[in-house]
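Reading through the structure tokens given below for one structure.
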Amino acid sequence: MTLPQVGRRAVLAGGLILPGIGLSGRLAAAEGWPPATPVTAAALVETAGGTVEGIARGSLREFKGIPYADAPTGPHRFGPPPPLTPWTGVRRAIGFGPPCPVPPALPVDRSTSVFAWLVPVGPAIDASEDCLRLNIWAPREPGAGRLPVMVWLHAGGFRSGAAHAYAAASGEVIAARGEAVVVSLNHRIGPLGHLDLSQAGGADLAESGNAGMLDIIAALGWVRDNIAAFGGDPGNVTLFGQSGGGYKISVLLAMPAARGLFHRAIIQSGARLRVHDRATTARQTQCVLTAARLLRGESAVAALRAMPADRFLALAAQAMASPEADAIATPSWAASGTWFEPVAGTAALPFQPGTAEALRAAAAIPIICGSNRNEISPSGNDPALEAIGWAEVAARLAPALGEATDTAIAAARAAFPEARPVAVLGTLLSRDFRLQALEFGRIAAAAGNAAVFNYDFAWQTPLFGGRPRAFHAAEVGFVFDTLALTGRLAGNGDAALAREMSARWVAFARSGDPALAWAAPWPAFGAQAPVTMVFDTPPRAGPPADLALAEVLMTNRKQGGGIT
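Going left to right, the sequence shown walks through residues 16 to 579 as my numbering numbers them.
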């Protein structure tokens with residue numbers, strides 16, 4: 016992939032945030048919701064923690080930056096999220112809360128990135144460990160019955176991102192239409208969320224490698240206890256998330272403590288079969304302790320907790336850049352050993368997420384799981400690649416696919432006969448997104464889940480000569496129906512497709528079935544007779560065109576090829 020300048024493994028395992036320009040005002044109005052509607056009143060709601068004051072405009076109420084737990088600082092760093100301390104008086108909830116601090120990154124000039132322009136980011140907000148905050152979009156007049164609740168988990172793998180990272184990931188259109196109450200949240204990520212100190216400290220650190228996931232569970236507990244005051248139904252909660260958000264949903268489906276806190280799951284370009292295990296995280300922790308010149312034990316934990324956050328994060332980055340970290344082996348499908356992520360084989364996460372054991376326990380939860388046709392689009396920022404031929408495609412893929420290269424290209428050409436060589440290259444570079452979506456769905460269906468639905472987002476923006484194709488995160492504005500709020504993905508019937516996709520997501524949140532009376536049928540995936548909904552113009556459902564390709568790629572991976 017040419018831009019952003021990240022490796023394929025970074026995109027697949029760490030979660031890709033497509034950086035863009037700051038949100039500097041909104042453009043045309045979305046159907047049913049004029050974003051320029053002025054604030055007309057304060058919106059007050061009583062929660063278990065105290066009264067919060069949001070804003071009301073038009074048919075919408077917005078509440079941002081509400082704490083769902085106390086700051087995990089000092090003695091609470093690396094531990095479970097501290098219970099929320101109630102406040103007195105009225106707390107303003109009018110701005111997004113801070114994201115979790117992460118290790119420093121080298122600056123990158125993205126001013127020429129078509130992907131950054133197509134998917135603009137939200138406002139710049141200083142990071143803080145006091146990051147356990149959530150945001151709510153609710154109808155101003157919720158009506159007689161409680162609405163389904165849709166909880167968005169942000170992208171960025173387990174190591175970056177924030178609830179406001181994508182400007183398009185705003186619940187205002189869905190809420191203003193009175194369709195659902197939408198929630199988004201921040202939680203711990205990176206080393207603050209996933210440094211496993213279970214072998215170095217006391218009982219409060221037993222799940223330190225999963226602290227960020229415990230934050231999300233705490234947020235879902237807050238939703239259960241408080242969302243009715245905003246017009247939402249705590250007994251009908253849907254998780255949806257893209258890229259890293261999908262990773263987290265994959266993990267939550269395998270966490271016993273999350274059961275009963277959500278009832279449906281939508282995984283967008285983020286099905287995750289494996290995360291770290293104890294062997295991996297033990298070596299990671301040793302690298303951090305070595306970088307900090309500390310010996311394993313409670314005194315080391317105390318020292319790490321006492322460090323300023325920026326110093327600790329710099330040490331963690333130094334540790335993960337070491338040759339020792341680079342040599343850490345990880346389970347198949349898991350991220351590099353140089354990245355922090357949840358750890359399986361613990362009381363909180365007893366099984367890897369993509370296993371029959373985990374998905375059998377979650378078989379009552381309907382699942383939508385899909386991916387985009389060209390998650391990685393090589394020519395997006397490099398027009399010259401539009402002219403490459405099949406020989407160059409093979410040369411670029413051979414280091415990863417080995418002897419399966421020609422067979423994989425032939426299968427891709429058979430699946431997508433109209434695709435140019437560079438489009439096939441993008442599809443094959445994106446293979447792990449699609450493979451994990453199909454495999455996750457297959458395992459879930461075989462484990463007894465009769466309500467698994469698969470999709471392939473294939474719509475291509477006509478902008479920039481169509482080169483970005485169906486790229487990573489392209490579907491976010493369609494799901495939220497916020498294309499008009501950012502004004503970027505224009506043309507090709509995008510408004511009608513966005514309305515349908517958003518309506519299907521809401522229908523699924525309401526009933527566990529994405530069917531619409533006015534749209535094409537979307538049958539369940541099925542372990543033996545898989546079906547995929549292709550989101551293009553027009554949307555259409557049928558047997559996956561790329562099933563034979565997936566079999567070739569999965570066989571290659573099981574034989575040791577296709578290392579990511």
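Ideal placement from N, C-alpha and C gives every residue a C-beta, glycine not left out.
Touching or not, the region 366-384 and the region 151-166, by the rule of three or more beta carbon pairs under 8 Å?
No, because fewer than three Cβ pairs between the region 366-384 and the region 151-166 fall closer than 8 Å, the two stretches do not touch.
Please list, in chain order, all residues of the same chain as VAL129 whose beta carbon is under 8 Å from its beta carbon, the five residues on each side excluded.
Contacts found: LEU18, GLY395, ASN396, LEU478, PHE479, ARG482, PRO483.
In whole angstroms, give me the CA-to-CA distance for THR345 and ALA294.
Looking at the two C-alpha atoms, the distance is approximately 8 Å.
Under a three-way DSSP split, which group does ASP561 fall into?
Here ASP561 sits in coil by DSSP.
I'd like the list of long-range same chain contacts for ILE380, defined as Cβ closer than 7 Å, with 5 residues on each side in sequence excluded.
These residues qualify, in order along the chain: LEU268, HIS278, ARG279, ALA280.
Quick one: is SER517 buried, meaning 16 or more other Cβ sit within 10 Å of its Cβ, or exposed?
Buried, by the Cβ-count rule.
Leaving aside the five residues before and after LEU162 along the sequence, list all residues of the same chain whose C-beta is less than 6 Å from its C-beta, in chain order.
So the qualifying residues of the chain are ALA195, VAL196, GLY246, GLY247.
By how many angstroms is the C-alpha of ALA409 removed from the C-alpha of ASN571?
Distance between the alpha carbons of ASN571 and ALA409: 15 Å.
How is the alpha helix (DSSP H) around ILE232 delimited, first residue to last?
Where ILE232 is concerned, the enclosing alpha helix (DSSP H) stretches over 226-241.
What residue range does the alpha helix (DSSP H) around GLU407 cover?
405-416 is the extent of the alpha helix (DSSP H) around GLU407.
Verify the contact flag: GLY73, CB atom, against every heavy atom of the ligand MG, threshold strictly below 6 Å.
In terms of ligand content, the structure shown is empty, and the ligand MG therefore cannot be addressed.
Where in the region 159-215 do unbroken runs of the beta strand (DSSP E), each at least 3 residues long, occur, reported from the N-terminal end onward?
The region 159-215 contains these whole beta strand (DSSP E) runs: 162-168, 196-200.
Consult DSSP for VAL358 and reduce its assignment to one of helix, strand or coil.
Note: VAL358 maps to strand in three-state DSSP.
Spell out the partners DSSP gives LYS263 in its beta bridges.
Per DSSP, none; premise fails for LYS263.
Using the C-alpha atoms, what's the distance from PHE93 back to ALA307?
In a straight line, the C-alpha of ALA307 is about 16 Å away from that of PHE93.
Thinking just about the alpha-carbon of each residue, which of VAL67, SER445, TRP537, TRP520 is nearest to the one in ASP561?
The option with the nearest alpha carbon to ASP561 is SER445.
Using only alpha-carbon positions, find the residue among GLU433, TRP520, ALA434, VAL439 that is nearest to THR420.
THR420 has its Cα closest to that of VAL439, out of GLU433, TRP520, ALA434, VAL439.
Quick one: using the 10 Å Cβ neighbour count with 16 as the cut-off for buried, is ARG203 buried or exposed?
The residue in question, ARG203, is buried, as its Cβ has 16 or more Cβ neighbours within 10 Å.
Within its chain, find whatever has a CB closer than 8 Å to the CB of LEU450; leave out the 5 residues flanking it on each side and keep chain order.
Cβ neighbours of LEU450 beyond the five flanking positions: ALA565, LEU568, MET569, ARG572.
Pick helix, strand or coil for TRP48, following the three-state DSSP scheme.
Note on TRP48: pLDDT 38, under 50, position unreliable in the model; the coordinate value appears next. DSSP places TRP48 in strand when its eight states are reduced to three.
By the 10 Å Cβ neighbour count, where 16 or more other Cβ atoms means buried, how is VAL546 classified, buried or exposed?
With 16 or more Cβ atoms within 10 Å of its Cβ, VAL546 is classed as buried.
Taking 7 Å as the threshold (C-beta atoms), are ARG239 and GLY205 in contact?
Cβ atoms of GLY205 and ARG239: not closer than 7 Å.
Between the Cα of ALA15 and the Cα atoms of ALA461, THR253, ARG192, which residue gives the shortest distance?
Lying before the first or after the last residue shown, residue 15 is absent from the chain, which here runs from 16 to 579.
State the Cα-Cα distance for the pair ASN201 and TRP237, rounded to the nearest angstrom.
C-alpha separation (whole angstroms): 13 Å.
What residue range is occupied by the uninterrupted alpha helix (DSSP H) comprising MET335?
Counting along the chain, the alpha helix (DSSP H) containing MET335 begins and ends at 324-335.
What does DSSP give as the partner residue(s) for PRO113 in the beta ladder?
PRO113 is not bridged to any residue.
Look up THR55 in the DSSP assignment and say whether it is helix, strand or coil.
Three-state result, THR55: strand.
Terminal residues of the continuous alpha helix (DSSP H) containing ALA153?
Not the alpha helix (DSSP H): ALA153 falls in the beta strand (DSSP E), residues 148-154.
Alpha carbons only, please: which of THR476, LEU229, ALA244, ALA221 is nearest the one belonging to THR66?
Of the listed residues, the one whose Cα sits closest to THR66 is ALA244.
Quick check on the DSSP output: what are the complete alpha helix (DSSP H) runs of length 4 or more inside the region 505-562, in order along the chain?
Runs of the alpha helix (DSSP H) inside the region 505-562: 509-526.
Which same chain residues, not among the five before or five after GLY575, have their C-beta less than 6 Å away from its C-beta?
Taken in chain order, the list of residues that qualify is empty.
Under 8 Å, with one C-beta from each stretch per pair, do the region 228-236 and the region 128-144 reach the 3-pair mark?
Contact fails: fewer than three Cβ-Cβ distances are below 8 Å.
DSSP three-state call for GLY575: helix, strand or coil?
Looking at GLY575 - three-state DSSP - the assignment turns out to be coil, as it is neither helix nor strand.
Using the C-alpha atoms, what's the distance from ARG514 back to PHE486?
C-alpha separation (whole angstroms): 19 Å.
Can you tell which of PRO101, ALA86, TYR262 has the C-alpha that lies nearest to the C-alpha of PRO95?
PRO95 has its Cα closest to that of ALA86, out of PRO101, ALA86, TYR262.
Which word fits VAL266, buried or exposed, when buried means at least 16 other C-beta atoms lie within 10 angstroms of its C-beta?
That one is buried.
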